[in-house]
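Undergrad: Have a look at this one before I ask anything.
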Amino acid sequence: MPSSRIINPELVGVWSANARFGLGAQADEIVVFKPDGTGWLEVLNGFPCSADFFEWTLTSPGWVALAGTKSLTLDVKTDKLIDSQDLMEVKHLPYQVQEEHTPSGKVMQVLRIELLNFGKGAFGFLEINPESYTEPRNHRGSRVHKRQNKALNLTSSSFARFSLFRRRARLDR
Numbered sequence: 025m026p027s028s029r030i031i032n033p034e035l036v037g038v039w040s041a042n043a044r045f046g047l048g049a050q051a052d053e054i055v056v057f058k059p060d061g062t063g064w065l066e067v068l069n070g071f072p073c074s075a076d077f078f079e080w081t082l083t084s085p086g087w088v089a090l091a092g093t094k095s096l097t098l099d100v101k102t103d104k105l106i107d108s109q110d111l112m113e114v115k116h117l118p119y120q121v122q123e124e125h126t127p128s129g130k131v132m133q134v135l136r137i138e139l140l141n142f143g144k145g146a147f148g149f150l151e152i153n154p155e156s157y158t159e160p161r162n163h164r165g166s167r168v169h170k171r172q173n174k175a176l177n178l179t180s181s182s183f184a185r186f187s188l189f190r191r192r193a194r195l196d197r
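Sequential numbering from 25 applies to the sequence shown in the numbering used here.
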């Protein structure tokens, strides 16, 4: 990506696929666009599954380029974090931000962008300040977790190593 990035403030923030449906789902896809031109996409399905980090810039109105910088995946069989070499690279990806009526009955800003190989690529707006969310990282977090998810045979220390979502933004804005 060029060092002189063109950033669109309407993309900046934290966006959630689940936000459109309300609280309660165990799965979510979160996309974060930071004002410095970096961001990440997190996939959660009862536990952290993956995080893809990228740099972003506008290529033209309604179009964005994403260049992957890192990709992390949690192997549920071994409870190990894998640093993948398969990085996202999209040079001209269409997006749209507009106010929509959502399945939860709320009206909210919705980002439509095809970042995943499934779903319709609609993310509800959670929060304007992406700095309030801690970036996922591939080392043990500082918190001690004692709970265990017996169905998956994973300890919550897996969550600490992946350090995903420390808190959820309120959806009732």
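For glycine and all other residues, C-beta sits at the position ideal for the given N, C-alpha and C.
Give every residue of the same chain whose Cβ lies closer than 8 Å to the Cβ of residue 107, excluding the five residues on either side of it in the sequence, and list them in chain order.
TA: Cβ neighbours of residue 107 beyond the five flanking positions: 94, 95, 96, 162.
Undergrad: Is the Cβ-Cβ distance between residue 86 and residue 122 less than 8 Å?
TA: No, Cβ-Cβ distance for residue 86 and residue 122 is not below 8 Å.
Undergrad: Could you check what DSSP says for residue 59 in three-state terms: helix, strand or coil?
TA: The answer is coil: DSSP assigns residue 59 none of H, G, I, E or B.
Undergrad: Contact defined as beta carbons within less than 8 Å: I believe residue 98 pairs with residue 105. What is the distance between those atoms, to the nearest angstrom?
TA: Correct: roughly 6 Å between the Cβ atoms.
Undergrad: Is it true that the CB of residue 145 sits closer than 8 Å to the CB of residue 43?
TA: Not closer than 8 Å, so no.
Undergrad: Report buried or exposed for residue 30, applying the criterion of at least 16 other Cβ atoms within 10 angstroms of its Cβ.
TA: Looking at its Cβ environment, which holds fewer than 16 other Cβ atoms inside 10 Å, residue 30 is exposed.
Undergrad: If you reduce the DSSP assignment to three classes, tell me which class residue 154 lands in.
TA: If DSSP states are grouped into helix, strand and coil, residue 154 belongs with the helices.
Undergrad: Which residue from 73, 78, 115 puts its Cα closest to that of residue 64?
TA: When each option's Cα is compared against that of residue 64, the closest is 78.
Undergrad: Would you call the CB atoms of residue 40 and residue 54 closer than 8 Å?
TA: For residue 40 and residue 54, yes; Cβs fall inside 8 Å.
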